[in-house]
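Each protein sequence line maps, in turn, to chains V and G. For the first sequence, the numbering used here assigns the number 22 to the initial residue and increments by one for each residue that follows. For the second sequence, the numbering used here assigns the number 3 to the initial residue and increments by one for each residue that follows.
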Amino acid sequence: MNTPLLQVNNLTRHFRMRTGLLRRSTEVLRAVDGVSFEVGRGRTFALVGESGCGKSTLGRTILRLHEPTAGRVMLDGVDITALGPAALKRQRKHMQMIFQDPHASLSPRRTVGRILDEPLALHGYGTKDRRRQRVLELLDIVGLASATRHRYPHEFSGGQRQRIGIARALAVEPKLIVADEAVSALDVSVQSQILNLLGELQSEFGLSFVFISHDLAVVQHISHVVGVMYLGKLVETAPVDRIYDAPAHPYTRALLDAVPVAEPGRRDKRLVLTGEVPSPLTPPPGCPFHTRCPLAMSVCRSRVPRTIEIGQHGRPHQVSCHLHDPEIGH
Amino acid sequence: MSEALLEVDHLSVDFSTDAGRVRPVDDVSFSIRPGRTLGIVGESGCGKSITGLALMGLLPQPAGCVVSGSVRLAGAELTAMTERELRGLRGAEMAMIFQDPTTALNPVYTVGAQITAVLRRHERLSRRSARKSAIDMLAQVGIPAPDRRIDDYPHALSGGMRQRAMIAMALACRPKLLIADEPTTALDVTTQAEVLRQIKRLQQELGTAVILITHNMGVVAETCDEALVMYCGQMIEQAPTGSLFEAPRHRYTQALIATIPRIRQKKLDRLPVVPGKVPDLAELPPGCRFAPRCTFADEICSTAQPALESMGSSRAACFHPAGVDPADGNAPPQT
C-alpha cells in the first residue's frame, strides 16, 4: 500500500549529436545517465544542479516529453515507459508540468478561460457547464479573481501569469507535477507568494512535486528530498535537512558554499570550485566531478564511484563518491 | 576621506511610452568614492538599470531622456556633454557590463578583436601591443589559455567565460568607474562566485569604483560597501551594507530582506511575503509608493510622499521607519 507515487529506475536519455565539419560523425550526449529515485505521495523531490547537468531533460523524460533511451518510470503502479500513444495520453492527466516562463508557455491569443478549459475538454472533463464551473474553481484556488478569465496572458504580471500556469497544470487533478524552474523568473517578493501557494496546494490535494531548480535557497524551503545532479547523474540524494546540514558529496558542498549569503561579513571557510563543467559529449573518465574536485584522489581519475548508502535511522542518503566508499583506502 | 569620483544629484529620467510619459528614475542622488562598491538594488522595474544607462549616457533614444539633475564624473558634468565627448569617456573613464554577455558581445568578431578595438581607440596602442594587453587582460580575469582563447568567437565560450571576456573588455583601459548591471544573474552560483571574486580582485588592483546593479540581496551583502534601495523609480533607502541588513529602516527594505529565502536557516512552513505587486509606473499611488503593500501604512502614507531623511550614515524615506516608531518593535511583515 505504501508504494511511492513515482519510481524512476535507471532512467537514461541519450541524444545523438551530429558533429564535425560535415556533420557526418555522430557522438552520443548522455544528458541523463542511469538516474534512479522515488517520490512519495504528497512529497516534493527537488532536482538541483548547474545549467547543463540534465535536470530539465530528466524532468521531461519522466513525463515522456522526451522518449527515454533506457530505464523505467512507474507512476502509481503504471509503467509510463511501456505505454502506447493512446494509453499515454490517458495517463497524462495524472502528470502535469509547470514551466519557467509562463510568457512562453501560455498562448497569447487565448483568454485565460480558454487556456484553462483546454486541458479539461481534452481529457473529457464533462459538459461545457461543468467545465466552466471548474475554471472558476481553479482561478479561486490559485488566488485570481473570476473576472480574469476574460483577459489575455499579456495583461498579467509575471507572478499572476505563473498562477495561471499553475491553474492549468492543476485543471485535470494530476497526482504529480513537474515544476521546471517555476519561480526563477520572478522577483523575490513574488517568488515567496508562489512558493507558499505550491505548499498549500500540496497539503490540500496531496500533490507530489518534482521541483527542478538551480536555487538552493528556494529548494530548501519547499522540498522533502533533494537530488543533486552533475553531468547527467545523481551524485547525492538525501532528505533535505541532511543535504543542507551534512552534505556528503564535495560537489554538493561546493554548490551550497557558492550561494551568496544575505548577511554581510559572514564569510567562513568555503569550498570554492574552479574550472568549468566538462562537456557532456566527452565526460571525464572515472568520477565525472574529479576535474573540479578539490578533494580528488588518484582513484577518482580512473574508477567510476559506486552509489553508497550512508543513511542512518532508516533515512536513505545515497552518495556517489570514493571518499565515502569503505573499500577504497584513503 | 577622499573625494567622490562620481556625484549624482537629483537625477530624473523620463520615458515616453504607449501609456504616456513615465518617470522610471525620480530624483536619485548618490556619490561614490574611488575603489568603493555601491550596490543599487530593487525588484524589476524599480529603475535600477535605467539609472545605470543614464549615467553612461546610453538611454534608448528617443524614448528616454534625462529631464533634470546632474551627473559629475571626476568633476566633469556628463549630462552637458555631446555624444562625441561621451564616446571619448566610455570605455576609457567609465565602462559598463551587462547581464547577458551573448547580446553585448559582437558575434562576428573574435573576442580579441573586440578588446583590442577598445585599447587601440582609447590608448592609441599599436596592433601588436594591444594584442599583448588583451591577452594579459584575459589572463587576469581567469580565462585559461588566453593566447588561444583570444582568437575565439563569443559563441565558442561558455556563459561564464563570455562574462569574463566582457569584464576584460570593460576594464582593459583601467576605467575609474565600472557599472555592472546584473553581471552574474545569468550564471550558475558556482560561476557567479568566481566572477564576483574576479571583479573584486581587479577593483582592488586598479582602484576602480564599482556600481553593482542587482536584485540579489545576497550578492549585495557579500560584495558592496554601501547599498541604495530603489522602489518605483525612487531611492527609498541608502546605508552602509552592514547597517542596511542589521537594521533596515524603510519598511520595504525590511520586507525585502525578510522575504529572501535563506540557506541553512530553519525551515519555515510558510515564507514571509510582501503582499500585492509592484505598481505600474503609469498608475502610481499618490502618497508613498510602497503604501498599498505596506502593513504599517496609515493615512499620511497614502496622501503625502515621504522625504529622504538622514540618520547617522544612512538615509531613508519612510513615515514609519523601523526602529524609530515606538509602536512597532521590529515586527516582520505579515505572512
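Yeah, the Cβ is synthetic: ideal placement off N, Cα and C, and Gly gets one too. Since the model is a prediction, treat every value here as computed from it, not as a measurement.
Residues of its chain near residue 59 of chain V, where Cβ-Cβ distance is below 6 angstroms and the 5 sequence neighbours each way are ignored: Listed in chain order, the non-local C-beta contacts of residue 59 of chain V below 6 angstroms within the same chain comprise 25 and 28, local neighbours out to five positions each way being set aside.
Own chain partners of residue 335 of chain V with C-beta closer than 6 angstroms, once the 5 adjacent residues on each side are dropped: none
Tell me where the alpha helix (DSSP H) around residue 196 of chain G begins and ends. It spans 191-208 - the alpha helix (DSSP H) in which residue 196 of chain G sits, taken as one unbroken run.
Pull the bridge partners of residue 341 of chain G from the DSSP assignment, please. Residue 341 of chain G falls outside the range modelled here, since chain G spans only 3 to 337, and no answer is possible.
Would the region 33-52 of chain G count as touching the region 87-96 of chain G if we require 3 or more Cβ pairs under 8 angstroms? Segments in contact, no.
With a threshold of 16 other CB atoms inside 10 Å of the CB of residue 42 of chain V, please say whether the residue is buried or exposed. exposed
Strictly below 7 angstroms CB to CB, what residues from chain V border residue 218 of chain G? 281
Keeping to the same chain, check which residues put their C-beta closer than 7 angstroms to that of residue 124 of chain G; ignore five residues upstream and five downstream. Close CB contacts of residue 124 of chain G within its chain, under the 7 angstroms cut and outside five residues either way in sequence, are with 93, 94 and 175 (chain order).
Where residue 336 of chain G and residue 148 of chain V are concerned, what is the direct C-alpha to C-alpha distance, given to the nearest angstrom? Confidence at residue 336 of chain G is low in this model, with a pLDDT of 44, below 50, so its placement is unreliable and no value can be given for it.
Please list the terminal residues of the continuous alpha helix (DSSP H) segment that includes residue 265 of chain V. 261-266
Mind checking the region 41-58 of chain G against chain V and listing, in chain order, the residues whose C-beta falls within less than 7 angstroms of any C-beta there? 45 and 46
Nearest chain G C-beta to residue 276 of chain V closer than 9 angstroms, yes or no? yes
Compute the Euclidean distance between the alpha carbons of residue 173 of chain V and residue 197 of chain V, then round it to the nearest angstrom. Rounded to whole angstroms, residue 173 of chain V and residue 197 of chain V show a C-alpha spacing of 27 angstroms.
Could you pull out every residue in the same chain whose Cβ sits closer than 7 angstroms to the Cβ of residue 280 of chain V, ignoring the five residues on either side in sequence? 237 and 238
Taking 9 angstroms as the cut-off, decide whether the C-beta atoms of residue 218 of chain V and residue 164 of chain V are in contact. yes
For residue 104 of chain G, tell me which candidate among G/97, G/113 and G/75 has the shortest Cα-Cα distance. G/113
Residue 235 of chain G versus chain V: which residues are under 9 angstroms apart at the beta carbon? The premise fails here: residue 235 of chain G is roughly 16 angstroms from chain V at the closest Cβ pair, so nothing lies under 9 angstroms.
Taking three-plus beta-carbon pairs below 8 angstroms as touching, is the region 253-260 of chain G in contact with the region 284-302 of chain G? yes
Three or more C-beta pairs closer than 8 angstroms, one from the region 139-146 of chain V and one from the region 223-233 of chain V: is that the case here? Put simply, the region 139-146 of chain V does not touch the region 223-233 of chain V. Fewer than three CB pairs are less than 8 angstroms apart.
Residue 30 of chain V bridges to which residues according to DSSP? In DSSP, residue 30 of chain V forms a bridge with V/93.
CB contact check: residue 124 of chain V to chain G, cutoff 9 angstroms: no
May I ask you to list the residues that DSSP assigns as paired with residue 47 of chain V? V/39
Apart from the five residues on each side of it in sequence, which residues of its chain come closer than 8 angstroms, Cβ to Cβ, to residue 287 of chain G? 281, 293, 294 and 304
Quick check on residue 348 of chain V - is its C-beta less than 9 angstroms from some C-beta in chain G? Taking Cβ atoms only, chain G never reaches closer than 9 angstroms to residue 348 of chain V, which makes this a no.
Buried or exposed: residue 42 of chain G, going by 16 or more other Cβ atoms within 10 Å of its Cβ? buried
Using 10 angstroms around the beta-carbon of residue 184 of chain G, count the other beta-carbons present and answer buried if the total reaches 16, otherwise exposed. buried
Under 7 angstroms Cβ-Cβ, which residues of chain V neighbour residue 279 of chain G? 178, 180 and 211
Drop a sphere of 10 angstroms on the beta-carbon of residue 212 of chain G, count the other beta-carbons inside from all chains shown, and report buried for 16 or more, exposed for fewer. buried
Following the continuous beta strand (DSSP E) through residue 239 of chain G, name the residue where it begins and the one where it ends. 236-242
Would you call the CB atoms of residue 283 of chain V and residue 222 of chain G closer than 9 angstroms? yes
By the 7 angstroms beta-carbon criterion, what residues does the region 235-254 of chain V contribute toward chain G? 235, 237, 238, 239, 241 and 242
Which whole-angstrom value is the C-beta distance of residue 66 of chain G and residue 17 of chain G, which I expect to be below 8 angstroms? 5 angstroms
Exposed unless 16 or more other CB atoms sit within 10 angstroms - verdict on residue 63 of chain G: Looking at its Cβ environment, which holds fewer than 16 other Cβ atoms inside 10 Å, residue 63 of chain G is exposed.
Which two residues bound the contiguous alpha helix (DSSP H) that contains residue 183 of chain G? That residue, residue 183 of chain G, is in no alpha helix (DSSP H); its beta strand (DSSP E) goes 179-183.
Just confirm the distance between the C-beta atoms of residue 68 of chain G and residue 56 of chain G, as a whole number of angstroms; I'd bet it's less than 8 angstroms. 6 angstroms
Run through the DSSP bridge pairs and tell me what residue 66 of chain V is partnered with. V/231 and V/246
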